[in-house]
Amino acid sequence: MNRKKLAYVSIALTIGFFSSNNCSGDSEILATFDGGTVSRGELNFVIEASKRGNGEPQTIAPDVQVKIIEGVALEKILLKDSIQSKKVDPNDLVKIENLVSDFLKLNIYLREYMKKAMKQKPLEFVDLQIAIIRGEDGASNEKKADELLAKLSNASRSEINTLISENTDDVGRKPIAGKLEPFCVNCSSNPLEDIIEEAKKDKAGKFVKFSKDPRMIYIVRITNTEKVNPSRVAKYYTEVFNKFGSEAKEYGITHTDEQSKNAIAYYAEGSSEEKGKQFAGQMLKQFEQGLYQNELNRLKEESGIVVNPMKPVYGPEQVNPKEYTADLVLFTNKDKSTYTWKDLEVDFTLVPATLKQEYKDEKAKIFDMINLFQSTILQGKIAKNLTVVQKLESNTAFRMQLDKMRVSLALKALQDEIKAVPVNVTEQQMKDTYEAGKLYAYSSEDPKNPNNRIPQSYGQVRERIKTELEGTQRNTFIEQKISGLKSSYNLKIDPSRLKEVTL
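Mind the numbering: the sequence shown is residues -24 to -1, 1 to 479 in mature numbering (1 follows the signal peptide of the UniProt record, and there is no 0), read in order.
Structure, rendered in structure tokens:
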């Protein structure tokens, strides 16, 4: 399968990760065209999709909504027109539906699950305080660590902070006495798992020694554990950075050397709120990824499918065709029946011909088959055995996402049509364009004077200019195509039904 052609499927599949608002006004008609309509539910669906990964409220103005509605309508019109003009084979629509239906249902289920989980499930944080003893002399490190551990075990709270600041080899943490930003232990990634598990062996507040290599020894304790609702994570981190900032400034009163000043600046300068948002964004992303993967693993186990791991391949050149025999088992079902490479070859025929290429290299075909199996088919097979997922057959989001997949065929046909547009760029046009832009677009910064620009030679930018001018001609064709579709199908949008919304 041609990876460029697959881009259209990838775009459509990406939309499969979103869900639409299914409110009572979803059926309201916002646009009409010959043979179809666009509803408010479809508008909401696209807006929801655009918000993925962005928890901040977004204001959507009416003029932006009009553009979204027009885009949805044009996709429908394009598909309808492509079928009528026989640029898209109706049989291919059936093929692509058979290929991705169960995959889409599973992703709808997972997104709906995560949507609820991100509101209900808290992130679990631990606060760590660490002194690091670092050096090439392991025996010396062990001695220093044991001595520090003994002192910390009998020290008061204020003495503890002073001891860590004075003895840790982590210079950047000296101003805050070795404290770390709260760490999420139920997110997808936990690089501190070994350290945290060791610290958990003793009651909170007691220091323990941990190392895998005597050249790096940790004296660590858990100072606090807390569960935080996802909606409060940014505020939670902001409060932490405010506290760190105050501690760093106090440390700076008695530590004025250059090294200390640099360490203090990280905590004392800048906006605690911005730092809080940044850390929260990272942790929430990891939390979401963890929720997704954990639930997918649970569903996989419930389905009874046991996957036979394949050797990772990162490009066609790494494929050894001899390893992919017809009887190669890719997974085993609950009833002990198997899904083999031969079965995958059959499913691969469901990919519409317009999204395939004539494979001259068997390695390239096998590589595409592996990708299709791992990204789409396997999840679809898991979904097929799950009643809770199959119930989504009539779900509005499922139907819309399936429509997006169907539209990908029309987009591919349009791409081929655009590529076939005759373009003619003359040498004189390229030279005129170069002369007009050589002091701006086709120049580079003067290293001796940033206010000056040095023109690149015509030969250096000739191919770039040619590509740009050809693109301009093709864009003109696209604009004419869109205008023609809107006119011939009598597209009408009612802006009076739209008002500014914040989601």
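Even for Gly, the Cβ is constructed at its ideal location relative to N, Cα and C.
Could you pull out every residue in the same chain whose Cβ sits closer than 6 Å to the Cβ of residue i, ignoring the five residues on either side in sequence?
i, result
"residue 199", "103, 105"
"residue 48", "14, 18"
"residue 110", "145, 192"
"residue 162", "100"
"residue 481", "Absent from the model: residue 481. The displayed extent of the chain is -24 to 479, so no value can be given."
"residue -3", "Note that residue -3 scores 41 on pLDDT, short of 50, meaning its location in the model is unreliable and no value can be drawn from it."
"residue 75", "326"
"residue -1", "Because the pLDDT at residue -1 is just 43, under 50, the model does not fix this residue reliably, and the value given afterwards should be weighed accordingly. If we look at residue -1 and ignore the five residues flanking it on each side, it has no Cβ neighbours."
"residue 361", "279"
"residue 262", "163, 164, 165"
"residue 217", "248, 251, 252"
Quick one: what's residue i bridged to in DSSP?
i, result
"residue 384", "According to DSSP, which records beta bridges pairwise, residue 384 is partnered with nothing at all."
"residue 12", "9"
"residue 316", "305"
"residue 421", "429"
"residue 79", "Note: residue 79 sits in no beta bridge, so no partner."
"residue 159", "102"
"residue 35", "478"
"residue 469", "7"
Helix, strand or coil, according to DSSP, for residue i in the structure here?
i, result
"residue 246", "coil"
"residue -20", "Low confidence applies here, because residue -20 scores a pLDDT of 45, under 50, leaving its location unreliable; read the following figure in that light. Of the three classes helix, strand and coil, the one that applies to residue -20 here is helix, per DSSP."
"residue 153", "coil"
"residue 22", "helix"
"residue 107", "strand"
"residue 401", "coil"
"residue 506", "Absent from the structure is residue 506, since the part of the chain shown begins at -24 and ends at 479."
"residue 117", "helix"
"residue 524", "In the structure displayed, the chain extends from -24 to 479; residue 524 sits before or after that span and is not available."
"residue 415", "coil"
"residue 266", "helix"
"residue 290", "coil"
"residue 112", "coil"
"residue 463", "helix"
"residue 132", "coil"
"residue 124", "helix"
"residue 297", "helix"
"residue 396", "coil"
"residue 57", "helix"
"residue 63", "coil"
"residue 311", "coil"
"residue 168", "coil"
"residue 233", "coil"
"residue 145", "coil"
"residue -2", "Residue placement at residue -2 is flagged as unreliable, the pLDDT there being 43, under the threshold of 50; a coordinate-derived value is accordingly withheld."
"residue 238", "helix"
"residue 251", "helix"
"residue 91", "helix"
"residue 451", "helix"
"residue 273", "helix"
"residue 481", "The question about residue 481 has no answer, for the chain in this structure spans -24 to 479."
"residue 442", "helix"
"residue 371", "coil"
How many whole angstroms separate the CB atoms of residue i and residue j, which I take to be in contact at a CB cut-off of 8 Å?
i, j, result
"residue 121", "residue 193", "4 Å"
"residue 390", "residue 54", "6 Å"
"residue 260", "residue 297", "Wrong, their Cβ atoms sit about 43 Å apart, outside the cutoff."
"residue 80", "residue 378", "6 Å"
"residue 293", "residue 339", "7 Å"
"residue 214", "residue 249", "5 Å"
"residue 307", "residue 281", "5 Å"
"residue 242", "residue 148", "7 Å"
"residue 143", "residue 124", "5 Å"
"residue 5", "residue 22", "Not confirmed; about 16 Å, so no contact."
"residue 409", "residue 441", "5 Å"
Can you list, in chain order, the residues of its chain whose CB lies under 7 Å from that of residue i, leaving out five sequence neighbours each side?
i, result
"residue 35", "476, 478"
"residue 432", "418, 419, 420"
"residue 41", "19, 474"
"residue 466", "9, 10"
"residue 209", "99, 256, 259, 260"
"residue 231", "none"
"residue 224", "151, 152, 240, 243, 244"
"residue 445", "401, 405, 406, 409"
Identify, in the order they occur along the chain, each residue of the same chain with its Cβ nearer than 8 Å to the Cβ of residue i, setting aside the five sequence neighbours on each side.
i, result
"residue 190", "114, 115, 117, 118"
"residue 3", "15, 16, 17"
"residue 228", "151, 236, 237, 240, 244"
"residue 364", "85"
"residue 318", "302, 303"
Is there a C-beta anywhere in chain C that falls below 7 Å from the one on residue i?
i, result
"residue 259", "Any reference to chain C falls outside this structure, which holds one protein chain only."
Within the segment 173 to 228, ranges of the beta strand (DSSP E) (whole runs, at least 3 residues): Restricting attention to beta strand (DSSP E) runs no shorter than 3 residues, the segment 173 to 228 encloses them at 184 to 189, 192 to 204, ordered along the chain.
Complete runs of the alpha helix (DSSP H) confined to the segment 316 to 369 [at least 4 residues]: If you keep only unbroken alpha helix (DSSP H) runs of at least 4 residues inside the segment 316 to 369, you get 317 to 324, 338 to 348, 354 to 360, 363 to 366.
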